[in-house]
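Below you'll find the structure, written out as structure tokens, and then a few comments.
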Amino acid sequence: MPELPEVEVVRRGLARWVRGRTITGVDVVDPRSIRRQLLGTEDFIGNLEQATVMDVVRRGKFLWMPLAMSGIPGTATDPGTSPYVRDGLPKVALMAHLGMSGQLLMQDPEVPDEKHLKVRISLSSVDGMPEQLRFVDQRIFGGLFVTSLVPTVDGGPGGLGESPLPEIAEEASHIARDPLDPYFSFDAFYRKIRSRKTGLKRALLDQSVISGIGNIYADEALWRARLHYARATDTLRRADAERLVDAVKDVMNAALAAGGTSFDSLYVNVNGDSGYFARSLNAYGRAGEICGRCEAMGLHSIIKREQFMNRSSYTCPVCQPRPRNGRW
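Take a look at the structure:
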């Protein structure tokens, strides 16, 4: 499943291609990919056609595009009656859930349809830019739907975007800010994690504590911070938590620079390019290999794989020793 850096790569690409453009047509090839649109295909299409994409915003792994109507009497020119505007701010968005294999690709109309094309969105013409946004999904766990935007609890921007606004997609309103968000608060994170009585990795995967961290990046950040996944959160010192957050930011920024982590050819960004960060992983997926950090210090320790929450965790037994009083 795409993790935060993969979704951020997609967000940046989409912002470049779709921001400020008007949706001129929508073709739902497979209704299963808009199953979260409770009123069905006609409602989905009706909410999108003639709407302008104002931005592309992300919080954690959630991605949405705020919409506005422009130049149509009784809508944007009359905010009091517009279903798209509240207090001058967009209040409707197109939500994209990538699931296991969802892709958002920018293509020209003459490019043949992809094998697993689900939704085709046509955009107003701009010189040098592809005219269609296509949602492709082999496994059909992802999808698109129109959702409401609600005010943020803290009054800050809903997420990372080009024009941050204090609105957030309703489905994302329950999750914490992610570590790449400029409004991320270390103090708020530390209070939450210390109040939990659980293992450290479980807390990192809890989107109400900190969002956007999945299994791969949790293992990589814990390795960088020299912390074991079973460390009890209520024993975590402030210095340890600071080191961990720094490690999370470092590993995610490194992944962004490389275009994300791709173990699966199904994951590509909006230009069709795969991520390459998998080549730089230090712990995840390296069971049976020598720990690079220990090797640099003249030690011979082997990365271990252990079962964790129906997944796997990868640790170095030397530089990430299991705590005596750890919790799963």
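Numbers given in the numbering used here equal positions in the sequence shown, counted from 1, plus 36. No residue lacks a Cβ here, since even glycine has one placed at the ideal position from N, Cα and C.
{"Asked": "Cβ-based neighbour list, methionine 131, same chain, cut-off 6 Å, excluding 5 preceding and 5 following", "Found": "Trp100, Phe181, Thr183, Ala205"}
{"Asked": "Cβ-Cβ distance between alanine 266 and proline 353 below 8 Å", "Found": "no"}
{"Asked": "Limits of the alpha helix (DSSP H) - the one that tyrosine 253 falls within", "Found": "251–261"}
{"Asked": "Status (buried if at least 16 other CB within 10 Å, exposed otherwise) for leucine 74", "Found": "exposed"}
{"Asked": "Runs of beta strand (DSSP E) wholly within the region 117–203 (minimum 3 residues, chain order)", "Found": "128–133, 138–143, 153–159, 168–173, 179–187"}
{"Asked": "Cβ pair threonine 269, isoleucine 229 closer than 8 Å", "Found": "yes"}
{"Asked": "Heavy atom of the ligand SAM within 7 Å of threonine 88 beta-carbon", "Found": "The model depicted lacks the ligand SAM and carries no ligand whatsoever."}
{"Asked": "Distance between phenylalanine 222 and valine 34 (C-alpha atoms, nearest Å)", "Found": "Look at the range of the chain in this structure, 37 to 364, and you will see that residue 34 is not part of it."}
{"Asked": "Proximity of isoleucine 81 and glycine 179 at Cβ, strictly below 8 Å", "Found": "no"}
{"Asked": "Proline 359, DSSP secondary structure in three states", "Found": "coil"}
{"Asked": "Beta strand (DSSP E) runs contained entirely in the region 67–96, provided each spans 3 or more residues", "Found": "87–89, 93–95"}
{"Asked": "Residue burial classification, arginine 175 (beta-carbon count within 10 angstroms, cutoff 16)", "Found": "exposed"}
{"Asked": "Reduced DSSP secondary structure (H/G/I, E/B, other) of glycine 328", "Found": "helix"}
{"Asked": "C-alpha distance - arginine 279 paired with serine 316, whole-angstrom precision", "Found": "20 Å"}
{"Asked": "Rounded straight-line distance, which links the Cα of glycine 49 to that of glycine 311", "Found": "Only weak support is given to the placement of glycine 311: the predicted model assigns it a pLDDT of 44, under 50, and the value that follows is read from those uncertain coordinates. Taking the straight line joining both Cα atoms gives about 13 Å."}
{"Asked": "Spatially closest choice to glutamate 39 from Ile338, Leu335, Gln343, Ile249, by CA coordinates", "Found": "Ile249"}
{"Asked": "Valine 64 - DSSP class collapsed to helix/strand/coil", "Found": "strand"}
{"Asked": "Short Cβ contact (8 Å threshold) for lysine 154 with aspartate 255", "Found": "no"}
{"Asked": "DSSP beta-bridge partners of proline 215", "Found": "Bridge partners of proline 215: none, in fact."}
{"Asked": "Own chain partners of proline 166 with C-beta closer than 6 Å, once the 5 adjacent residues on each side are dropped", "Found": "Met142, Gln143, Asp144"}
{"Asked": "Three-way DSSP call (helix, strand, coil) for phenylalanine 344 in this model", "Found": "strand"}
{"Asked": "Proximity below 8 Å, CB of leucine 159 to CB of valine 54", "Found": "yes"}
{"Asked": "Local conformation of glutamate 59 per DSSP, three classes", "Found": "Strictly speaking, residue 59 in this sequence is isoleucine, with glutamate absent from that position. Three-state DSSP puts isoleucine 59 in a strand."}
{"Asked": "Endpoints, the alpha helix (DSSP H) within which leucine 50 is located", "Found": "40–54"}
{"Asked": "Beta-carbon proximity list for alanine 261, same chain, < 6 Å, skipping 5 on both sides", "Found": "Arg279, Leu280, Ala283"}
{"Asked": "7 Å CB neighbourhood of serine 244 in its chain, flanking five on each side removed", "Found": "His210, Ile211, Ala212"}
{"Asked": "For proline 102: DSSP bridge partner residues", "Found": "Ala129"}
{"Asked": "Between the CA atoms of proline 218 and aspartate 190 - distance to the nearest angstrom", "Found": "13 Å"}
{"Asked": "For threonine 234, three-class secondary structure by DSSP", "Found": "coil"}
{"Asked": "Inter-residue spacing [alpha-carbon to alpha-carbon] between leucine 103 and glutamate 325", "Found": "49 Å"}
{"Asked": "Best match in Leu272, Ile252, Pro193, Trp259 for proximity to threonine 234 [C-alpha to C-alpha]", "Found": "Leu272"}
{"Asked": "Between the CA atoms of glycine 61 and lysine 151 - distance to the nearest angstrom", "Found": "21 Å"}
{"Asked": "Cross-strand partners of alanine 319 (DSSP beta bridge)", "Found": "Answer by DSSP bridge pairing: none, since alanine 319 is not bridged."}
{"Asked": "Aspartate 276 to alanine 323 span [Cα, whole Å]", "Found": "25 Å"}
{"Asked": "Sequence-distant residues of the same chain with beta carbon closer than 6 Å to leucine 16, five excluded per side", "Found": "One cannot answer for residue 16 here, as it falls past the ends of the chain, which runs 37 to 364."}
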